[in-house]
Structures are given as C-alpha cells and as structure tokens.
Amino acid sequence: MESTTKIAFRVSRVSIYANVALSAVKLLAGLIAHSGAMVSDAVHSISDVFSTFIVMIGVHMAGKDSDKEHPYGHERMECVAAIILAGVLLATGLLIGYHGVQSILHPEKLQVPGVIALAAAVLSIAVKEAMFRYTKKAAKQIDSDALMADAWHHRSDALSSIGALIGIGGALLGFPILDPIASLVICLFIAKAAYDIFRDAINKMVDESMDEETENALRACAMAHPGVIGIDRLMTRKFGSRAYVEMEISVDGKMRLTDAHSIAEGVHNEIEQEFPQVKHIMIHVNPAEDKRAQ
C-alpha cells in the first residue's frame, strides 16, 4: 500500500507541473491581451507552486518518526506548513488587491483586454477545479491538513479565475473598469481562503477536541467490547492530522487485574485499528462497583 508521504508527494508533483504550465499560459495571455485581471490570476497560480513546496516540506517533516526531543512525533509540522501557506496566500491576495486599486485610481491607463485572456480564464477554471478535486480526495485519504490547505488554494485560484472571466468579459463589452475590479474580487477570495486555512491550523495547534460524531463512535466502539460496563470519561485532542485519546472505562471490580488489563488492551487495539486518525489511546480502568457505591 502506498505510504502517506508518497501519496502527498505524488499529488504535489502533479500540482507543481500543472501550476507551472498554467501560470505560463495565463501570464502570456494577460500580457498579450493587456489584462490586469489575468496577470493577477497568473501571479496567484505562481504562488501555488511555492505553496506546494511548503506542503511537501511540511508533510516530509510531519512523517518523521518520534525521537528523544520529540517523543510525540512531528505531526504538527503540517499545521506549521499550513500557517505559512496561509501567510503566503494572504500576501499574494494583498499584492493583487493593491495593483487593482492602483488601476482603478488611474482609469486613463486601462486597456480593453483581448479575447485570448477570456480563453485563458476558462482554461484556468477547468484545470484548477480539477486540481482541487484531485488534491482534496488525496488529502482526505491520508488525512493531511497541509494537503487539504493546498486543495483549497486550488479552489481559491478557480474562484479567482471566475472573477477574472467576469472582469475580462465586462471589459470586452465596453466596461474596462471591470477588469481591475475583478482583481479586487480575486483579492477577497484569496484572503478568505487564507483565513480559513489559518483558523483550521491554529485550532489543531491548540489541542482542539475531535468532532462529536467521532467521539460518539469511539464510545460505541469501546462499549461494544466484551467486559466493558460503561465509559466514565473521554478526552480527545487533535495533534496535527492525528489525534490522542484518553478514555476511562468501568469493568467488573471483582475480576482479576490481568483480566481487566486484557479488556483495556482489547479496547485500545480495536480503537487504534478502526480509527486510523488516532495515533495513540490511553485506557484507564475503573471498578464498576466502586462507582455505584459513591
């Protein structure tokens, strides 16, 4: 079976090749057709190449084994990569917005873009939406935050190309001001994507709990194990793309210690097997009689 790192690197390589080719096409079309919106869109695609390298570095570091200095592993490096990616994305959006504002403030310099820019926008929408779906599928398969952030970077590029398409089309119809306005719309799309990526990464850096549906599934899995009478406590915390779980189960207090340990070990193994996102679970055993007596 293909490893998590290999899947991430394969998807990232495809992303880099596609973005380099698409950036060249959009930049050339923008310069030939005198379209500021298309040039802005090309800059956005060029930033995708840099962002993908950040993702590859983050995934590589997150996949490193635990060591003496990092006994819990390096999974949070994916969150760090996602935060850096959000910063790059925001900077790109602000640069595009700045040039759009400058063009609006100096309308005398505006030129009506050529039809080639319109064709480039349509091509960009199709390619970037396909890249979004491809990358998102892989990100879900390996549960990678950094790869998911890169997927949404593709989607933001597709949305920005839609803005470029509208702006260029409007300019061709006799409203050249729509071209730089489209650049501002692209800026907003990019800023929103950057915010979402940053917020998700921060939540996972500060030990956010797993979602309620997953926690209920963890409880159900434990309760289905023979010998488990109840779940006294459950705590979960995300650790990058993985999670740690602490669970207190109650068993018959009259059974031997070795039998109680066997039950706890069984619950431990079943949960780690059925929930691949759980990196480790700590099981504590309580005697059920003591609980009822209190």
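Residues 27 to 320, numbered by my numbering, are exactly what the sequence shown covers, in order.
All C-beta atoms in this analysis are idealised placements derived from N, C-alpha and C, irrespective of residue type, glycine included.
Check: As a quick exercise: from 288, 144 and 168, pick the residue whose alpha carbon is nearest that of residue 303.; Outcome: 168
Check: Does the distance from the CB of residue 255 to the CB of residue 276 come in under 8 Å?; Outcome: yes
Check: Give the list of continuous beta strand (DSSP E) stretches no shorter than 3 residues that lie fully inside the region 241 to 303.; Outcome: 256 to 265 and 268 to 277
Check: So, helix, strand or coil for residue 139, using DSSP?; Outcome: coil
Check: Along the chain, where does the alpha helix (DSSP H) containing residue 35 start, and where does it finish?; Outcome: 30 to 59
Check: State the start and end residues of the unbroken alpha helix (DSSP H) segment that holds residue 129.; Outcome: 103 to 131
Check: Verify whether the separation of the beta carbon atoms of residue 293 and residue 248 is less than 8 Å.; Outcome: yes
Check: Could you spell out the range, first to last residue, of the alpha helix (DSSP H) harbouring residue 186?; Outcome: 171 to 198
Check: Buried or exposed for residue 285, please, with buried defined as at least 16 other CB atoms from any protein chain shown within 10 angstroms of its CB.; Outcome: exposed
Check: What's the gap between the Cα of residue 179 and the Cα of residue 215?; Outcome: 10 Å
Check: Is DSSP giving residue 236 helix, strand or coil here?; Outcome: coil
Check: Can you have a look at residue 67 and say buried or exposed, based on whether 16 or more other CB atoms are within 10 angstroms of its CB?; Outcome: buried
Check: Are there 16 or more other CB atoms within 10 angstroms of the CB of residue 259, so buried, or fewer, so exposed?; Outcome: exposed
Check: Residue 206 lies in the alpha helix (DSSP H); which residues open and close that run?; Outcome: 204 to 231
Check: Could you check the C-alpha separation between residue 158 and residue 282 for me, to the nearest Å?; Outcome: 54 Å
Check: Measuring from the CB of residue 165, is there a heavy atom of the ligand SAM at a distance below 7 Å?; Outcome: Absence of the ligand SAM is noted for the structure shown, with no ligands found whatsoever.
Check: For residue 313, collect the residues of the same chain with a Cβ closer than 6 Å to its Cβ; drop the 5 residues on either side in sequence, then sort them by chain order.; Outcome: 279
Check: Would you please state the rounded distance, in angstroms, between the beta carbons of residue 33 and residue 164? I believe it to be under 8 Å.; Outcome: 6 Å
Check: Below 8 Å CB to CB, which residues in the same chain sit around residue 245 once its five sequence neighbours on both sides are set aside?; Outcome: 257 and 260
Check: Nearest CA to the CA of residue 150: which residue from 161, 170, 128 and 188?; Outcome: 188
Check: On the premise that residue 171 lies in contact with residue 104, defined as a C-beta separation below 8 Å, what is that separation, rounded to the nearest angstrom?; Outcome: 5 Å
Check: Short check: CB of residue 59 to CB of residue 113, under 8 Å?; Outcome: no
Check: Could you pull out every residue in the same chain whose Cβ sits closer than 6 Å to the Cβ of residue 122, ignoring the five residues on either side in sequence?; Outcome: 66, 209, 212 and 213
Check: Hey, would you say residue 80 sits closer than 8 Å to residue 111, going by beta carbons?; Outcome: yes
Check: From the DSSP output, read off the bridge partner residues of residue 309.; Outcome: 273
Check: Tell me the rounded alpha-carbon separation between residue 76 and residue 265.; Outcome: 25 Å
Check: Report buried or exposed for residue 268, applying the criterion of at least 16 other Cβ atoms within 10 angstroms of its Cβ.; Outcome: buried
Check: Mark residue 252 as exposed unless 16 or more other C-beta atoms lie within 10 angstroms of its C-beta, in which case mark it buried.; Outcome: exposed
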